[in-house]
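Visitor: For the sequence shown, the residue numbers in my numbering are 200 to 289. Beta carbons are placed, not taken as given, at the ideal position from N, Cα and C, and that holds for glycine. Every value quoted in this text rests on a predicted model; they were computed, and no experiment measured them. Here it is, the structure, as structure tokens.
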Amino acid sequence: MIGKQGEKVMIPFELCPVCGGEVIEKEVEKLILGGNNTAVVRVKADICTHCGERLYSKETITMFETIRSRLARGVVAGFLPMGQTYKVAG
């Protein structure tokens, strides 16, 4: 891939490691669960156009782990409330 000013830009995956399909970058919503709390985060991910596999950068995965830990401990300062979550018996 060629970036600005002609330099080569390295993308983590050119093909999906699961099925070998083409991978494109998109913005997605990731649902993160921690304890009884839930967060929704918008991040960039590489998405397989064939099987839908989502591939995240190491930094993004670290962010998910931090958020999950905070949710589990109930440390939600700075998080914006979006509504309520309900558990449905089924």
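Does DSSP put Ala271 in a helix, in a strand, or in coil?
Guide: Three-state DSSP puts Ala271 in a helix.
Visitor: Using CA atoms only, rank isn't needed, just tell me which of Leu214, Ile266, Cys250 and Gly220 is closest to Gly277.
Guide: It is Ile266 whose Cα lies nearest to the Cα of Gly277.
Visitor: Pick helix, strand or coil for Lys229, following the three-state DSSP scheme.
Guide: Three-state result, Lys229: strand.
Visitor: List the endpoints of the continuous beta strand (DSSP E) containing Thr184.
Guide: The structure shown does not extend to residue 184, since the chain is modelled only from 200 to 289, so the question has no answer here.
Visitor: Using three-state DSSP, classify Glu213 as helix, strand or coil.
Guide: Residue state, collapsed to three classes: coil.
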